[in-house]
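Enquirer:
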Amino acid sequence: YTDYEINQAKHMKETFAEILHSMGAVATWGNDDGKHNNYGLHAPGNIIHEAGTVRMGNDPKNAPLNKYSQAHDCKNLFCVDGGPFVSQADKNITWTILALSMRTSEYIVDQMKKQNI
2 YTDYEINQAK
12 HMKETFAEIL
22 HSMGAVATWG
32 NDDGKHNNYG
42 LHAPGNIIHE
52 AGTVRMGNDP
62 KNAPLNKYSQ
72 AHDCKNLFCV
82 DGGPFVSQAD
92 KNITWTILAL
102 SMRTSEYIVD
112 QMKKQNI
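Structure follows, in structure tokens:
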């Protein structure tokens with residue numbers, strides 16, 4: 002991890018601790034994270050929120066998928082998982098995958114009605 006990512010994790014831990022404390026809550030795990038373990042960051046691939054292997058974008062020269070996760074070169078191929086992400090945040094991507102999948106499914110229905118796919 003870069004110092005930037007480690008500092009993000011540190012800030013997140015400190016912010017969460019403040020929120021929990023202000024609510025009267027008690028942290029039951031993770032409160033021993035610190036510089037010694039990069040503030041709880043695990044080795045890449047250890048948590049398995051990998052994403053961004055088949056990016057979406059407007060230019061087929063730079064991205065294999067369009068904004069609807071449809072392949073530029075194969076109109077009936079859609080990628081509806083974490084692959085279309087352009088980058089990965091330090092957060093769980095499940096809800097974003099669901100939102101993008103919903104948008105993609107609506108697009109597929111629309112394109113099928115128009116007989117484009």
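Quick note on numbering: the working numbering labels position 63 of the sequence shown as 64, and the sequence is numbered without any gaps. Beta carbons: idealized from backbone N, C-alpha and C, even for Gly. A quick note: this is a predicted structure, and the numbers were derived from the prediction, not measured.
Per DSSP, what kind of secondary structure is alanine 72 in: helix, strand or coil?
Expert: strand
Enquirer: Taking C-beta to C-beta, are glutamine 89 and phenylalanine 79 nearer than 8 Å?
Expert: no
Enquirer: Cα separation between threonine 3 and glycine 35?
Expert: 15 Å
Enquirer: To the nearest angstrom, how far is the alpha carbon of glycine 41 from that of isoleucine 7?
Expert: 9 Å
Enquirer: Measuring only the C-alpha atoms, how far is cysteine 75 from proline 45?
Expert: 31 Å
Enquirer: Using three-state DSSP, classify leucine 42 as helix, strand or coil.
Expert: coil
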